[in-house]
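The sequence shown runs 944 to 1229 under my numbering.
Cβ coordinates follow ideal geometry from the N, Cα and C atoms, glycine included.
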Amino acid sequence: MDQPDIFDRQLRRVRRDRAAPRFADHAFLIEHMADELAERLAMVNRSFDRMLLIGCHDGRVAARFAAAGRRIVQADAGFAFARMAGGVQCDEDRLPFADGSFDLVVSIGVLDSVNDLPGALALIRRILRPDGLFLGSFAGAGSLNWLKSAMLAADSASSGGAAPRIHPQIDVRSAGDLLSRAGFALQVADGERLDVGYGDPVRLMHDLRGMAATNMLTQRSRRAPGRAWLAEVFGQFHGASGADGRLREAFEIVYLTGWSPAPDQPKSARRGSATASLAEALKPRG
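Next up, the structure:
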């Protein structure tokens, strides 16, 4: 029996389509992730001829991965983003590509809202050629801690209980386990914390909407927040702000690195017997 979707696929597409026209105004987090993944790719001393970019957004981040002789295929769950990038519209857990189609797959800022993340990672591994590289990033566990606590307080004050507003989040260790489960070799998961300053909660919510990162839960509350709810959120903001009147909200970014298995690869250590390093995973071989 199929498991019910955690995220509303249609709403996810709609949110991405609505975000597309003004995405550039709110792209800082995606651009930061893209810059970091491009730097990591530059550490790999080998060429990649055919790349898939999952989560292409408006198409601008693809330039960070351009190289002589490299063809980049772009894909996004949103129709508008896919059109803007000249790419393919598809969900990440329903990739329409044949096995062994790419030697490099990069995913930026979208795997945190995929219904079947284990299945998506397994598909990515399958569409990679042997000894192909996967690099991914998304906002993980520990992100938006202030917003989560403020919304919980507002729900409790206005209705006496919590409403389903926050997506489940994945921590670094669980992400590494999922890479291993999907069949990747030399897999590494690591994290980075970004603190972003906001002068009011409205700007934070606008950024999340502009990144297509608002509530997409299938079981979300359909009731719009009332004035009392919003007043409580603003009160929580002012109570948590610093002397400058600004609050720093956290984004915990999870980075993934994994290789499609190949006969001549070094073997990963037995889980628990050693800790793999990013340098080991990215160093040239062969």
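Checklist entry - Ordered along the chain, which non-local residues of its own chain (more than five positions away) have a Cβ less than 6 Å from that of Ala1063? => result Counted from its first residue, the sequence shown places residue 1063 at position 120. Here the set comprises Glu1035, Asp1036, Val1057.
Item to check | Every unbroken beta strand (DSSP E) within the segment 1090-1144, with a cutoff of 3 residues, ordered by chain | outcome: Counting only runs of 3 or more, we get 1128-1141.
Checklist entry - In or out: Met986 buried (at least 16 other Cβ within 10 Å) or exposed? => result Taking the first residue of the sequence shown as position 1, residue 986 is located at position 43. It is exposed - the Cβ of Met986 has fewer than 16 other Cβ atoms within 10 Å.
Checklist entry - Which whole-angstrom value is the C-beta distance of Glu1195 and Ser1086, which I expect to be below 8 Å? => result Position 252 of the sequence shown, counting from 1, holds the residue named residue 1195. Position 143 of the sequence shown, counting from 1, holds the residue named residue 1086. Beta-carbon to beta-carbon, Glu1195 and Ser1086 are separated by about 5 Å, close enough to satisfy the 8 Å threshold.
Item to check | Same chain, Cβ closer than 6 Å to Leu1066, neighbours up to 5 away in sequence not counted | outcome: Translated into positions along the sequence shown, residue 1066 becomes position 123. Counting only Cβ-Cβ distances below 6 Å, and skipping sequence neighbours, we find Leu1038.
Item to check | Integer-rounded CB distance, given that Asp1055 should sit under 8 Å from His1110 | outcome: By 1-based counting over the sequence shown, the position of residue 1110 is 167. By 1-based counting over the sequence shown, the position of residue 1055 is 112. Contact flag correct, Cβ pair sits at about 7 Å.
Checklist entry - Can you tell me the Cα-Cα spacing of Glu1175 and Ala1084, whole angstroms? => result Looking up residue 1175 in the sequence shown gives position 232. Looking up residue 1084 in the sequence shown gives position 141. Distance from the CA atom of Glu1175 to the CA atom of Ala1084, rounded to whole angstroms, is 24 Å.
Checklist entry - Do Arg965 and Gly1153 have their C-beta atoms within less than 8 Å of each other? => result If you number the sequence shown from 1, residue 965 lands on position 22. If you number the sequence shown from 1, residue 1153 lands on position 210. Yes, they are a contact pair.
Item to check | Helix, strand or coil at Phe1077 [DSSP, three-state] | outcome: The residue given as residue 1077 occupies position 134 in the sequence shown. In the structure shown, Phe1077 adopts extended strand secondary structure according to DSSP, grouped into three states.
Checklist entry - Hey, how far is the Cα of Pro1209 from the Cα of Leu1129? => result Position 266 of the sequence shown, counted from the start, is the residue given in the question as residue 1209. Position 186 of the sequence shown, counted from the start, is the residue given in the question as residue 1129. Answer to the nearest angstrom: the Cα atoms are 8 Å apart.
Next on the checklist: When you compare the CB positions of Ala1023 and Ala963, do they come within less than 8 Å of one another, or not?
Outcome noted: In the sequence shown, counting from the first residue as 1, residue 1023 sits at position 80. In the sequence shown, counting from the first residue as 1, residue 963 sits at position 20. The beta carbons of Ala1023 and Ala963 sit closer together than 8 Å.
Next on the checklist: Quick check on DSSP: helix, strand or coil for Leu1071?
Outcome noted: Position 128 of the sequence shown, counted from the start, is the residue given in the question as residue 1071. Residue state, collapsed to three classes: strand.
Next on the checklist: Pull the bridge partners of Thr1161 from the DSSP assignment, please.
Outcome noted: Taking the first residue of the sequence shown as position 1, residue 1161 is located at position 218. Residue pairing from DSSP leaves Thr1161 without any beta-bridge partner.
Item to check | For Ala1155, the three-state DSSP class (helix, strand or coil) | outcome: In the sequence shown, counting from the first residue as 1, residue 1155 sits at position 212. Looking at Ala1155 - three-state DSSP - the assignment turns out to be coil, as it is neither helix nor strand.
Checklist entry - For Leu1151, which residues of its own chain have a beta-carbon under 7 Å away from its beta-carbon, when the five flanking residues on both sides are left out? => result Here residue 1151 refers to the residue found at position 208 of the sequence shown. Close CB contacts of Leu1151 within its chain, under the 7 Å cut and outside five residues either way in sequence, are with Thr1157 (chain order).
Next on the checklist: Just to confirm the assignment: which complete beta strand (DSSP E) runs, minimum length 3, are found wholly within the segment 986-1015?
Outcome noted: Runs found: 993-997.
Next on the checklist: Assess contact between the segment 1010-1028 and the segment 1107-1123, defined as three or more Cβ pairs (one per stretch) separated by less than 8 Å. Is contact present?
Outcome noted: Counting Cβ pairs under 8 Å, fewer than three are found: no touch.
Item to check | Counterpart residues of Leu1190 in DSSP-defined beta bridges | outcome: One-based indexing of the sequence shown puts residue 1190 at position 247. Beta-bridge pairing links Leu1190 to Tyr1141.
Item to check | Three-state secondary structure assigned by DSSP to Gln953 | outcome: As a working mapping, residue 953 is identified with position 10 in the sequence shown. Assigned with DSSP and collapsed to three states, Gln953 falls in helix.
Checklist entry - Are the beta-carbon atoms belonging to Leu1199 and Leu1137 less than 8 Å from one another? => result For the purposes of this step, residue 1199 is taken as residue 256 along the sequence shown, with counting starting at 1. For the purposes of this step, residue 1137 is taken as residue 194 along the sequence shown, with counting starting at 1. No, Cβ-Cβ distance for Leu1199 and Leu1137 is not below 8 Å.
Checklist entry - Skipping 5 residues on each side, what residues in its chain have a beta carbon closer than 6 Å to that of Asp1059? => result Against the sequence shown, residue 1059 aligns to sequence position 116. So the list reads Asp1036, once near-sequence residues are dropped.
Checklist entry - So who's on the other strand from Ile1196, going by DSSP bridges? => result Here residue 1196 refers to the residue found at position 253 when the sequence shown is read from its first residue. For Ile1196, which the question treats as bridged, DSSP gives the partners Ala1082, Glu1135.
Item to check | Pro964 beta carbon near the ligand GTP (any heavy atom closer than 7 Å) | outcome: Of the ligands one can find in the structure shown there are none, so the ligand GTP has no counterpart to examine.
Checklist entry - Which stretch, first to last residue, makes up the alpha helix (DSSP H) that contains Phe1177? => result Residue numbering aside, residue 1177 sits at position 234 when the sequence shown is read from its first letter. Counting along the chain, the alpha helix (DSSP H) containing Phe1177 begins and ends at 1170-1183.
Checklist entry - Which one of Asp1046, Pro1206, Thr1161, Gly1029 has the shortest CA to CA distance from Gln946? => result Reading the sequence shown from its first residue, position 3 is the one you call residue 946. Taking only the C-alpha atoms, the option nearest Gln946 is Thr1161.
Next on the checklist: Which of the three DSSP states is assigned to Asp1019 in this structure?
Outcome noted: Residue mapping note: residue 1019 aligns to position 76 of the sequence shown, counting from 1. If DSSP states are grouped into helix, strand and coil, Asp1019 belongs with the strands.
Checklist entry - By how many angstroms is the C-alpha of His969 removed from the C-alpha of Val957? => result Here residue 957 corresponds to residue number 14 of the sequence shown, with the count starting at 1. Here residue 969 corresponds to residue number 26 of the sequence shown, with the count starting at 1. Using only the alpha carbons, I get a separation of about 17 Å.
Checklist entry - For Leu1047, which beta-bridge partners are listed by DSSP? => result What you label residue 1047 is simply residue 104 of the sequence shown in a count that begins at 1. DSSP lists Met994, Leu1076 as partners of Leu1047.
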